[in-house]
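Here is the structure we will look at, set down as structure tokens.
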Amino acid sequence: MLDTKKTIFSGMQPSGMVTLGNYLGALNNWTKLQDEYNCLYCIVDMHAITVRQDPAKLRKQAKELLMQYIAVGLDPEKNIIYYQSHVPQHAELSWVLNCYTYMGELSRMTQFKEKSQRHAENINSGLFTYPVLMAADILLYQADLVPVGEDQRQHLEITRDIAERFNGIYGDVFTMPEPYIGKVGARIMALQDPTRKMSKSDENKNNTIALLDEPAVIMNKIKRAVTDSDNEIRFGEDKPGISNLLSIYCAVTGKTPAQAEAEFANTSYGAFKVAVGEAVVANLEPIQKKVKELEKNQDYMDSVIRSGAEKASRIAEKTLRKVHKKVGFPPRIK
Ligand code: AQP
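Under my numbering, read the sequence shown as residues 63 to 396, first letter to last.
Shown next, in the form of structure tokens:
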């Protein structure tokens, strides 16, 4: 039977402990796509080293991220789940695409500008060519759709520009990827500074809730979250801290903003924070339980790692062969 499902590619960097933001903004939505689409969910460890990482930590975080992909409900039988560094075609295609990408285009990327400011001591060329590797990630699998947050939109645009340029020279080699606009996931902000987003690489751990944080730690972090002094529990641009906690509450309970506001109309900030904390703990409990089970099942994890890389590699190699032929590399002799 002809496979008419569209292909979706997405990835996450193992650059820290997975946060509630990563979960509510991305992972949780991915699980809803697995029946309708052919999905590839990559752990983009090669992207992660554009910022200096501790090797032992990176390895641990990559493994934890993989377990969390599965624990939130991504089925390795339905989706291709794998480590980017296990599929060498990503690096190989990235090199070719580098030769079809202009310095000027890359210099305009806001993420490069931001990260070079944040990591002024390490402005490496990987940071500069990050979008080319991302283009390779997507184009290798002929992805039709890419779920992207606002901050990655520019990278998808450059992916399309590169694909269009390549196809313009060599014919239809790459599928033109479109942004996947699904139900918008919640954007979760840092608990101590609710004007910027919660990020897994944040050094201040009071800003983030990790999916694997113990219940008492979660309760404490939420109790200490920055709010304001007017004691009104409602959404509002003038109330970033309370709005963030309300968003978290709505996302984990499925309640609407109006329902949440009504529920807490006559509540103190203290009691509100306890309710938010308890809702988060309850939501994360089954995920944490599943991770503990997976930790004990090394054989299963190994089989997922092996088969994910094999499945991804098979698809990627097809595209890469085509690209090599198009650009004029000599054929391999069997
Ligand atoms: N605070 C957030 N709220 C909602 N969604 C979020 N995402 C990240 N933070 C929030 C979504 O999670 C995915 C992670 O993508 P990534 O690992 O490639 O890197 P990122 O977007 O840069 O995420 P972090 O947590 O901020 O990592 P670091 O600290 O390493 O930069 C994306 O789909 C993103 O939209």
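Glycine included, every Cβ here is placed at the ideal spot set by N, Cα and C.
Computed from a predicted structure; not experimentally measured.
| Query | Result |
| --- | --- |
| Asn84: CB within 6 Å of a non-hydrogen atom of the ligand MN | With respect to small molecules bound, the structure shown includes the ligand AQP and not the ligand MN. |
| Residue range of the beta strand (DSSP E) that includes Leu102 | 100–105 |
| Buried versus exposed call for Tyr362 [16 or more other C-beta atoms within 10 Å across all chains shown] | exposed |
| Within the segment 236–292, ranges of the beta strand (DSSP E) (whole runs, at least 3 residues) | 240–242 |
| Cβ neighbours of Phe228 in the same chain (closer than 7 Å, five flanking residues each side left out) | Tyr162, Val235, Phe236 |
| Candidates Thr93, Arg215, Lys384, Met238, of which the one nearest Glu226 by Cα | Met238 |
| Assigned secondary structure, Val208 (DSSP; H/G/I helix, E/B strand, else coil) | strand |
| Any 3 or more C-beta pairs closer than 8 Å across the segment 257–275 and the segment 74–88 | yes |
| Where Met196 sits in the DSSP three-state scheme | helix |
| Gly87: CB within 6 Å of a non-hydrogen atom of the ligand AQP | yes |
| The ligand AQP heavy atom lying under 6 Å from the CB of Ser330 | no |
| Continuous alpha helix (DSSP H) stretch holding Thr315: start and end | 302–315 |
| Ala197 vs Thr172 beta-carbon contact at 7 Å | no |
| Own chain residues within Cβ distance below 6 Å of Met281, not counting five before or after | Gly339 |
| C-alpha distance - Asn293 paired with Gly247, whole-angstrom precision | 27 Å |
| Exposure of Pro117, with buried meaning 16 or more beta-carbon neighbours within 10 Å | exposed |
| Nonlocal neighbours in the same chain, by C-beta distance under 6 Å from Thr188, ignoring five residues either side | The question names Thr, but residue 188 is Gly in the sequence shown. The residues are Thr112. |
| 7 Å Cβ cutoff met for Leu127 and Thr381 | no |
| Separation of Arg121 from Val343, as counted between CA atoms | 27 Å |
| Of the residues Gln204, Val158, Met251, the one placed nearest Ser309, counting alpha carbons only | Met251 |
| Residues bridged to Leu187 (per DSSP) | Per the sequence shown, the amino acid found at residue 187 is Ser instead of Leu. In DSSP, Ser187 forms no bridge with anything. |
| Met129 classed as buried or exposed, judged by whether at least 16 other C-beta atoms fall within 10 angstroms | buried |
| Host alpha helix (DSSP H) of Thr69 (start-end) | Segment 69–74 is the beta strand (DSSP E) holding Thr69; no alpha helix (DSSP H) there. |
| Cβ contact (3+ pairs, closer than 8 Å) linking the segment 93–110 and the segment 297–308 | no |
| Range covered by the alpha helix (DSSP H) that runs through Ile111 | Taken as a continuous stretch (DSSP letters only), Ile111 belongs to no alpha helix (DSSP H), as it is neither H nor E. |
| Residue range of the beta strand (DSSP E) that includes Ile143 | 142–145 |
| Where Thr81 sits in the DSSP three-state scheme | strand |
| Contact under 7 Å by Cβ, Gln151 with Glu379 | yes |
| Any non-hydrogen atom of the ligand AQP within 6 Å of Lys283 CB | no |
| Exposed unless 16 or more other CB atoms sit within 10 angstroms - verdict on Gln146 | buried |
| The segment 205–216 in contact with the segment 90–107 per 3-pair CB rule at 8 Å | yes |
| Proximity test, Gln254 beta-carbon vs the ligand AQP heavy atom, cut-off 6 Å | no |
| Nearest to Val261 (by Cα), restricted to the options Gly370, Ile70, Thr69, Tyr85 | The sequence given here places Ser at residue 261; Val does not occur at that position. Nearest C-alpha to Ser261: Tyr85. |
| Inter-residue CB distance, Val134 and Ile349 (contact presumed, cutoff 8 Å) | 6 Å |
| Cβ-heavy atom distance, Gly188 to the ligand AQP, below 6 Å | no |
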